[in-house]
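**Student:**
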Amino acid sequence: MLSDALIEFAAPTLAGIKTGSLFTVRLTTDEIIKELLPLNEILEKKGLRLVPLMKNRTGTLVYLYRPLRLKKDLEYPEARSILCKRGYPCPDVAGCIEELIRHMHDDNEFPHEVGLFLSYPPEDVKGFMDDPRAGQACGGTWRVYGNRNEAEKTFARYKKCTAAYRKAIRNGIKLENLIVV
């Protein structure tokens, strides 16, 4: 179920500590549409959106995000510079998501600027795009080229949040009650 995947792969976004989460679900197109509409009714009331980005051989890539926070993230000068160089219509959030989808479908490799849509620091996204093998300070949710200590704290917060959300669901708390506005 899509709601189970939200807990497993997007708890930090549901909790409001991350702008967006990207994950693959193994559901048919009909199943995704059936689950997506009622879920988005709940999510949109709380300031989130859930969109399918593309279908691949392992399933459908789905993006959960907070539009207002994404707008702020994409307005950072470093983020805007990266996106503008790749043809994104900064700072139009909907246009940037449409362009991301286009890059996912048309490019020969995965568009690594996607990190900017997932709360990754722009310096780390740029570092990976420039040379994924050089200068990496550490790895976790993403490869870190900048502030290792801050990244490790963030990785730990994400892990702790996901564990807390799993426990809450096991204890019978409904998904809509776990979404932080």
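Here the numbering used here is used: the first residue of the sequence shown is 4, the next is one more, and so on. Beta carbons: idealized from backbone N, C-alpha and C, even for Gly.
Only counting the same chain, and skipping five residues up and downstream in sequence, which positions put a Cβ closer than 8 Å to that of A8?
**Tutor:** Locating residue 8 in the sequence shown gives position 5, counting from the first residue. Same-chain partners within the cutoff: F26, V28 and V65.
**Student:** Taking Cβ to Cβ, would you say L39 is nearer than 8 Å to L53?
**Tutor:** Stepping through the sequence shown from its first residue, residue 39 is reached at position 36. Stepping through the sequence shown from its first residue, residue 53 is reached at position 50. Yes, they are a contact pair.
**Student:** If I follow the unbroken beta strand (DSSP E) through V54, where does it start and stop?
**Tutor:** Taking the first residue of the sequence shown as position 1, residue 54 is located at position 51. R52 to N59 is the extent of the beta strand (DSSP E) around V54.
**Student:** Enumerate in chain order the residues of its own chain whose CB-to-CB distance from K49 is below 6 Å, with the five nearest sequence positions on each side excluded.
**Tutor:** On the sequence shown, residue 49 is found 46 positions in, with the first residue counted as 1. Taken in chain order, the residues that qualify are I182 and V184.
**Student:** Let me know the alpha helix (DSSP H) ranges lying completely inside the stretch 116-145, each 4 residues or longer, listed in chain order.
**Tutor:** Whole alpha helix (DSSP H) segments, 4+ residues: 125-133.
**Student:** Buried or exposed for C99, please, with buried defined as at least 16 other CB atoms from any protein chain shown within 10 angstroms of its CB.
**Tutor:** Within the sequence shown, numbered from 1, the residue matching residue 99 stands at position 96. Result: buried.
**Student:** Could you name the residues of the same chain whose beta carbon sits closer than 7 Å to that of L86, not counting the 5 residues immediately before and after it, in chain order?
**Tutor:** If you number the sequence shown from 1, residue 86 lands on position 83. Cβ within range, chain order: L77, C93, C99, E116 and L119.
**Student:** Please look up how many angstroms separate the CB atoms of A14 and T165, rounded, as I've assumed it's under 8 Å.
**Tutor:** In the sequence shown, the residue the question calls residue 14 occupies position 11. In the sequence shown, the residue the question calls residue 165 occupies position 162. About 4 Å; that satisfies the 8 Å criterion.
**Student:** Is G23 near L67, with beta carbons less than 8 Å apart?
**Tutor:** Working through the sequence shown from its first residue, we reach residue 23 at position 20. Working through the sequence shown from its first residue, we reach residue 67 at position 64. Yes, the pair counts as a contact, with Cβ atoms nearer than the cut-off.
**Student:** If you reduce the DSSP assignment to three classes, tell me which class L5 lands in.
**Tutor:** Translated into the one-based positions of the sequence shown, residue 5 becomes position 2. In the structure shown, L5 sits in a helix (DSSP, three-state: H, G or I).
**Student:** Ignore the nearest five residues each way along the sequence and tell me which others in L178's own chain have a CB closer than 6 Å to its CB.
**Tutor:** What you label residue 178 is simply residue 175 of the sequence shown in a count that begins at 1. These residues qualify, in order along the chain: S6.
**Student:** Using CA coordinates, which residue listed in A18, Y79 and T61 is at the minimum distance from L51?
**Tutor:** Translated into the one-based positions of the sequence shown, residue 51 becomes position 48. Closest option to L51, Cα to Cα, is A18.
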